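*Asks:* Attaching a single structure in structure tokens format; questions to follow.
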Amino acid sequence: MIAKKAISILLIEATPEEADKTIGLLTRGNDQFKIYPADSLYEAFRLASRRTLDVIVLELNLLESSGYKTFQRCREKLPHLPLVIHTQQNNEIIGIQAIRAGAQDYLIKGQADPRHLQRAIYFATQRHELITQLDQENQTLQQKERKLRDVQAVGGFGSWEMNILNQEISGSPNFFTLLGLNPSDSTIKKDLLLDLVHPADKEKALDFFSSLIQSNTPQSCRLRMVQNGTRIVHFELTARLQIDESAQQVIALGTLNEVIEEAEIIQLRREQQYSRTLINLRDQVLQDISFHIRTPLYSIVNFLYLLEESPFKVQFKEAFNGLKFSVDELQQHINQLITFSLAAEEQPHQQIKTFDLRQSLDLVSKMLDFGKSRQSVWMDIKTDQLLPHEVQGDQNKLIQVFYNLFDLFTLLNPEPRKVAVRVKAETTDPDWFNLVIQCRDPLASSTAVQLQDWRNESLLNGTDQDTPEQEHLARINLYTLDKMIRSMSGTLQMPDGQHLALKMVISLPMKLAVVTDVPAPIQDWIEPLRILLVEDHFLNQIATKNVLQTWSPDLTVDIAENGLVAVEKFQAHEYDLVLMDIQMPVMNGLIAGKKIRELSNVPIIALSAYASEQEAEKCLRAGFSDYLAKPFKPEELKHKVFRLASLVR
Numbered sequence: 031m032i033a034k035k036a037i038s039i040l041l042i043e044a045t046p047e048e049a050d051k052t053i054g055l056l057t058r059g060n061d062q063f064k065i066y067p068a069d070s071l072y073e074a075f076r077l078a079s080r081r082t083l084d085v086i087v088l089e090l091n092l093l094e095s096s097g098y099k100t101f102q103r104c105r106e107k108l109p110h111l112p113l114v115i116h117t118q119q120n121n122e123i124i125g126i127q128a129i130r131a132g133a134q135d136y137l138i139k140g141q142a143d144p145r146h147l148q149r150a151i152y153f154a155t156q157r158h159e160l161i162t163q164l165d166q167e168n169q170t171l172q173q174k175e176r177k178l179r180d181v182q183a184v185g186g187f188g189s190w191e192m193n194i195l196n197q198e199i200s201g202s203p204n205f206f207t208l209l210g211l212n213p214s215d216s217t218i219k220k221d222l223l224l225d226l227v228h229p230a231d232k233e234k235a236l237d238f239f240s241s242l243i244q245s246n247t248p249q250s251c252r253l254r255m256v257q258n259g260t261r262i263v264h265f266e267l268t269a270r271l272q273i274d275e276s277a278q279q280v281i282a283l284g285t286l287n288e289v290i291e292e293a294e295i296i297q298l299r300r301e302q303q304y305s306r307t308l309i310n311l312r313d314q315v316l317q318d319i320s321f322h323i324r325t326p327l328y329s330i331v332n333f334l335y336l337l338e339e340s341p342f343k344v345q346f347k348e349a350f351n352g353l354k355f356s357v358d359e360l361q362q363h364i365n366q367l368i369t370f371s372l373a374a375e376e377q378p379h380q381q382i383k384t385f386d387l388r389q390s391l392d393l394v395s396k397m398l399d400f401g402k403s404r405q406s407v408w409m410d411i412k413t414d415q416l417l418p419h420e421v422q423g424d425q426n427k428l429i430q431v432f433y434n435l436f437d438l439f440t441l442l443n444p445e446p447r448k449v450a451v452r453v454k455a456e457t458t459d460p461d462w463f464n465l466v467i468q469c470r471d472p473l474a475s476s477t478a479v480q481l482q483d484w485r486n487e488s489l490l491n492g493t494d495q496d497t498p499e500q501e502h503l504a505r506i507n508l509y510t511l512d513k514m515i516r517s518m519s520g521t522l523q524m525p526d527g528q529h530l531a532l533k534m535v536i537s538l539p540m541k542l543a544v545v546t547d548v549p550a551p552i553q554d555w556i557e558p559l560r561i562l563l564v565e566d567h568f569l570n571q572i573a574t575k576n577v578l579q580t581w582s583p584d585l586t587v588d589i590a591e592n593g594l595v596a597v598e599k600f601q602a603h604e605y606d607l608v609l610m611d612i613q614m615p616v617m618n619g620l621i622a623g624k625k626i627r628e629l630s631n632v633p634i635i636a637l638s639a640y641a642s643e644q645e646a647e648k649c650l651r652a653g654f655s656d657y658l659a660k661p662f663k664p665e666e667l668k669h670k671v672f673r674l675a676s677l678v679r
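Going by this note's numbering, the final residue of the sequence shown carries number 679, and the count climbs one at a time with no gaps.
Structural data, given as structure tokens:
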């Protein structure tokens with residue numbers, strides 16, 4: 031078992047007796063806490079100046095201070111530490127204010143058992159660490175973006191891109207400044223750019239764009255342009271074609287460089303390469319964070335599967351519940367990450383595929399119920415029995431719609447309540463139907479009129495520094511929800527309800543899938559089957575191997591910790607199937623898969639933490655037989671393994 035890092039706790043209580051009680055709760059069945067008690071804020075601040083601390087546990091009612099003022103004083107003095115309130119003061123208003131102002135949790139003494147208090151401390155430190163990391167990365171990105179803008183302004187160059195189909199050009203602020211246009215302009219047409227070219231160089235400019243479209247090589251030319259109608263400036267225009275896979279369109283990426291001296295031009299070209307690197311930096315950061323969250327989630331899902339499949343004993347119940355809370359916590363982080371990623375995406379595109387609608391809705395319902403015991407809002411999802419199974423649509427965005435609805439209702443009002451959700455199908459023609467999602471929140475703090483105003487306002491213009499954090503997050507969730515629904519050609523309506531009840535009606539068009547081949551149920555495997563599992567993460571090795579061996583006593587699993595070892599083992603032994611992780615040290619899964627494919631036609635299934643169509647296509651082009659994105663359900667892996675194994679028997 032992996033030892034946890036000890037957590038240093040600053041415990042602020044009114045009396046030594048109360049401190050002893052809380053210490054008893056914290057240490058019951060737990061030796062991972064170092065506790066430093068203080069009976070006043072003065073003593074707490076003195077300890078904090080001398081000790082390295084991880085978290086604060088605070089009682090609001092002290093001898094020198096009480097209520098929300100105690101929290102404020104502690105927060106102002108020690109803003110760098112996560113803070114959990116554990117108090118006798120059962121005041122919901124103070125609790126909401128404290129959470130909005132930065133408290134990680136608000137627990138009432140006598141209502142929270144030891145495990146609840148201990149988990150709150152673990153989660154507070156984890157959330158604080160992740161938020162701190164995200165803040166640091168965001169500050170780094172902002173600094174680099176400011177540096178890029180400054181470099182472009184000083185160096186006299188700007189970056190631009192053009193949609194080949196509609197010939198619309200967007201660019202950096204300095205691109206427009208160099209042309210003598212308003213830096214706040216977002217796009218211009220190519221014809222306007224040509225109008226700025228000196229008449230003697232217009233033919234050269236037309237040849238540049240013509241060669242750019244016809245050739246797959248970088249193009250460049252020197253032009254004179256008329257700036258502000260009076261000043262002639264010499265520029266170098268460079269570009270090359272590129273396929274934007276996310277938007278599924280061909281674009282031209284380029285730079286506009288003011289020609290001054292040759293040495294300066296060389297320096298500007300170096301900065302141009304820096305510019306291209308920075309464009310992809312933000313997406314790479316989000317992708318890396320997503321990968322690191324998906325990897326432990328994959329292990330946890332497999333361990334949960336093993337626990338549920340095994341004879342459940344009383345002594346395992348606490349471990350099982352702990353894992354469930356871990357999955358719920360990770361699920362929340364992934365949901366926040368996806369929400370902010372979608373909010374930042376300029377033009378969300380659909381990933382249409384055939385999927386089981388009823389199974390997906392059942393999965394959503396179960397995942398939202400996963401952490402129900404510690405959630406204030408419960409979404410009671412009821413589905414119409416007439417809903418079809420196989421449909422065509424964007425499954426990921428549909429699931430995300432429900433997650434964003436849950437977050438939105440929680441942010442609008444944290445009071446415990448049930449939100450009724452009804453899902454039904456309205457037929458429009460033989461091939462299409464509208465998936466209708468009706469929500470009724472009995473205690474929403476915001477009316478339909480107010481939410482409609484939020485939708486009509488710009489996300490940035492509608493808030494300022496005085497806007498409460500809870501409202502700002504709610505606006506982001508509503509903005510992302512509305513954006514996703516529109517990208518799926520759907521509608522969001524909010525009839526003005528009576529009293530405090532808030533109603534929402536979402537309608538999403540979907541196409542019925544043509545089912546040509548219904549797969550037969552998977553039977554128990556009765557023949558010997560030897561599998562090579564290629565996985566570098568030792569927890570995933572253990573979890574996946576145990577899952578595989580529950581399927582059949584005749585199934586054996588060999589493990590290779592990287593692609594190079596996998597190729598060597600495959601050359602030395604015979605295997606019926608290979609399960610290949612993609613992101614590995616020494617030799618990655620793509621290279622190893624290609625080498626194994628050169629040796630044999632054995633089925634190879636790719637297991638990747640990067641869930642995208644591009645990743646799947648990359649694996650299939652490399653010769654893999656199938657692809658699964660982590661985390662996946664063991665039943666999905668079982669179906670693919672037995673199906674592919676049966677084809678080569």
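C-beta: ideal position from N, C-alpha, C; glycine also. These numbers come from a predicted model, not from an experiment.
Taking only the alpha-carbon atoms, compute the straight-line gap between Met534 and Asp215 and give it to the nearest angstrom.
*Replies:* 36 Å
*Asks:* What is the rounded straight-line gap between the Cα of Arg388 and the Cα of Ile199?
*Replies:* 43 Å
*Asks:* So what's Leu308 in DSSP terms, helix, strand or just coil?
*Replies:* Residue placement at Leu308 is poorly supported in this model, since its pLDDT is 46, which falls under 50; the coordinates still yield a value, given next. Leu308 falls in the helix class under three-state DSSP.
*Asks:* If you compare alpha carbons, which of Val597, Asp566 and Ile561 is closest to Asp584?
*Replies:* Comparing alpha-carbon positions, the option among Val597, Asp566 and Ile561 lying closest to Asp584 turns out to be Ile561.
*Asks:* Touch check for the segment 163-175 and the segment 264-274: three-plus C-beta pairs under 8 Å?
*Replies:* No contact exists between the segment 163-175 and the segment 264-274.
*Asks:* May I have the straight-line CA-CA distance separating Asn91 from His502, to the nearest angstrom?
*Replies:* 30 Å
*Asks:* To the nearest angstrom, how far is the alpha carbon of Arg58 from that of Glu445?
*Replies:* Taking the straight line from one Cα to the other gives about 30 Å.
*Asks:* If the criterion is Cβ atoms closer than 9 Å, does the pair Trp581 and Phe662 meet it?
*Replies:* no
*Asks:* Under DSSP, the alpha helix (DSSP H) around Asp584 begins and ends at which residues?
*Replies:* Where Asp584 is concerned, there is no enclosing alpha helix (DSSP H), because DSSP gives it neither an H nor an E.
*Asks:* Skipping 5 residues on each side, what residues in its chain have a beta carbon closer than 6 Å to that of His419?
*Replies:* Asp386 and Arg388
*Asks:* Does Ile39 come out as helix, strand or coil in the three-state DSSP assignment?
*Replies:* strand
*Asks:* Determine the contact status of Gly423 and Met518, defining contact as a CB-CB distance below 9 Å.
*Replies:* yes
*Asks:* Going by the CB atoms, is the gap between Gly284 and Ser189 shorter than 9 Å?
*Replies:* yes
*Asks:* Roughly how many angstroms lie between the CA atoms of His110 and Ile161, to the nearest whole one?
*Replies:* 12 Å
*Asks:* If you measure between the beta carbons of Leu113 and Leu77, is that distance less than 9 Å?
*Replies:* no
*Asks:* Based on DSSP bridge pairs, tell me the residues matched to Ser638.
*Replies:* Ala659
*Asks:* Output the distance between the C-alpha atoms of Asn702 and Ser245, rounded to the nearest integer angstrom.
*Replies:* Residue 702 falls outside the range modelled here, since the chain spans only 31 to 679, and no answer is possible.
*Asks:* In its own chain, which residues sit with a C-beta less than 8 Å from the C-beta of Arg80, not counting the 5 before and 5 after it?
*Replies:* none
*Asks:* May I have the straight-line CA-CA distance separating Tyr304 from Asp392, to the nearest angstrom?
*Replies:* A caution first: Tyr304 carries a pLDDT of 46, below 50, which makes its placement in the model unreliable, though a value can still be read off. Taking the straight line joining both Cα atoms gives about 47 Å.
*Asks:* Between which residues of its own chain and Gly593 is the CB-CB distance below 7 Å, once the five residues before and five after are set aside?
*Replies:* The answer, listed in chain order, is Val564, Met614, Val616, Met617, Asn618, Gly619, Ile621 and Ala622.
*Asks:* Taking the alpha carbon of Ser96 as the reference point, which residue from Ile86, Lys139 and Glu43 has its own alpha carbon closest?
*Replies:* Glu43
*Asks:* Which residue or residues does DSSP assign as beta-bridge partners of Leu441?
*Replies:* BP columns for Leu441 are empty, so no partner.
*Asks:* Rounded to a whole number of angstroms, what is the C-alpha to C-alpha distance between Leu55 and Lys670?
*Replies:* Put simply, the backbone Cα of Leu55 is about 47 Å away from that of Lys670.
*Asks:* Beta-carbon within less than 7 Å of Glu294's beta-carbon, same chain only, minus the 5 sequence neighbours each way: which residues are those?
*Replies:* Confidence in Glu294 is poor, its pLDDT being 48 and thus under 50, which makes the residue's placement unreliable; the coordinate value appears in the next sentence. Cβ within range, chain order: n/a, list empty.
*Asks:* Quick one: residues in its chain with C-beta nearer than 8 Å to the C-beta of Lys64, no 5 flanking neighbours on either side, listed in chain order?
*Replies:* Ala36, Ile37, Ser38 and Ile39
*Asks:* How many Å lie between Glu150 and Tyr136 at the Cα?
*Replies:* In the sequence on display, residue 150 carries Ala and not Glu. Each residue's Cα considered, the two are about 9 Å apart.
*Asks:* Can you tell me which of the three DSSP states Gln317 falls into?
*Replies:* Below a pLDDT of 50, predicted positions are generally treated as unreliable, and Gln317, at 47, falls in that range; the measurement from the model is reported next regardless. If DSSP states are grouped into helix, strand and coil, Gln317 belongs with the helices.
*Asks:* Determine the extent of the beta strand (DSSP E) in which Ile138 is found, giving its start and end residues.
*Replies:* Taken as a continuous stretch (DSSP letters only), the beta strand (DSSP E) holding Ile138 covers Asp135 to Ile138.
*Asks:* I'd like the span of the beta strand (DSSP E) that includes His264, first residue to last.
*Replies:* Arg261 to Asp274
*Asks:* Below 8 Å on the Cβ atoms is my guess for Glu139 versus His116; work out the distance and round it to an integer in Å.
*Replies:* The question names Glu, but residue 139 in the sequence shown is Lys. Indeed, because the Cβ distance is near 6 Å, the residues count as touching under 8 Å.
*Asks:* By the DSSP assignment, the beta strand (DSSP E) with Gln685 in it spans what residues?
*Replies:* Here the chain covers residues 31 to 679 and nothing more, so residue 685 does not appear.
*Asks:* Roughly how far, in whole angstroms, is the beta-carbon of Arg447 from the beta-carbon of Lys412, given that I think they are within contact range, below 8 Å?
*Replies:* The pair is not a contact, with the Cβ atoms about 16 Å apart (cut-off 8 Å).
*Asks:* Consult DSSP for Pro109 and reduce its assignment to one of helix, strand or coil.
*Replies:* coil
*Asks:* In terms of residues, what are the limits of the alpha helix (DSSP H) holding Gln278?
*Replies:* Element bounds for Gln278: n/a, residue is neither H nor E.
*Asks:* Could you compute how far the alpha carbon of Leu637 sits from the alpha carbon of Thr384?
*Replies:* 20 Å
*Asks:* In the structure shown, what three-state DSSP assignment does Asn287 receive?
*Replies:* Three-state result, Asn287: strand.
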